[in-house]
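>
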Amino acid sequence: MARQQKEIAKREEESNAQIRKALKDKQQQLKRQVLQKLDGSDRQQLYEAKLQSRKQTEAFQLAGYRAHLQDMLHRVQQRPLLMDQQVQLNARKAAERKFQEVLGNNGLSEEYITSKSEGATGGSETASPEPELHMRHLQESLCSDVDVCDESGSEESETESETDEDKALSTENSDDDSS
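The working numbering applies: residue 3 is where the sequence shown begins, and numbers increase by one.
1) What are the start and end residues of the alpha helix (DSSP H) that includes ASN107?
2) Between which two residues does the alpha helix (DSSP H) containing ARG81 stretch?
3) In whole angstroms, what is the alpha-carbon distance linking VAL89 and ALA65?
4) Identify, in the order they occur along the chain, each residue of the same chain with its Cβ nearer than 6 Å to the Cβ of THR59, setting aside the five sequence neighbours on each side.
5) Note down, in chain order, each residue of its chain lying with its Cβ closer than 8 Å to the Cβ of ASN18, except the 5 sequence neighbours on either side.
6) Is MET3 helix, strand or coil when you go by DSSP?
This is the structure we're talking about:
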């Protein structure tokens with residue numbers, strides 16, 4: 003019985019080996035068939051398709067990059083040059099210094115002017131005309147010393163009309179004082 007079992011196991015091993023060999027041969031045969039089907043023309047077509055896809059992707063990325071560069075160039079061209087920016091900054095600082103100097107010379111403070119301007123926008127116009135005279139005088143002196151006023155050249159006509167108003171107010175004040 004042991005002998006029969008050994009023979010049966012040996013036959014099973016042989017049949018399993020034959021089956022494995024047949025499977026291996028079948029796999030090799032299928033591999034050859036696949037490689038034959040993927041001959042040079044199919045491989046070339048696959049290569050061309052991948053190349054075309056990569057070219058399209060690259061063209062899309064290049065267009066986006068160029069658009070980004072154009073946008074950046076446009077922003078740079080719209081800004082003033084660094085020298086122009088510095089000139090503007092210096093002019094602004096000079097005007098602020100002159101404004102502070104004229105305020106100090108006329109005995110006014112920036113807080114006072116700010117509070118009066120807020121009061122004027124709030125609807126209370128019961129303030130005395132004297133601070134308004136100081137403000138007009140301040141504006142006139144700023145406009146005459148620094149070219150920061152109206153660029154259209156209407157500076158002189160405004161200052162002339164303001165001086166007429168100042169004269170009228172001063173005349174009213176003197177009339178009120180004498181009575």
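C-beta: ideal position from N, C-alpha, C; glycine also.
On a predicted model such as this, the values are computed, not experimentally measured, just so you know.
Short version:
1) Looking at the DSSP string, the run of the alpha helix (DSSP H) that includes ASN107 is 84-107.
2) Taken as a continuous stretch (DSSP letters only), ARG81 belongs to no alpha helix (DSSP H), as it is neither H nor E.
3) 38 Å
4) none
5) none
6) coil
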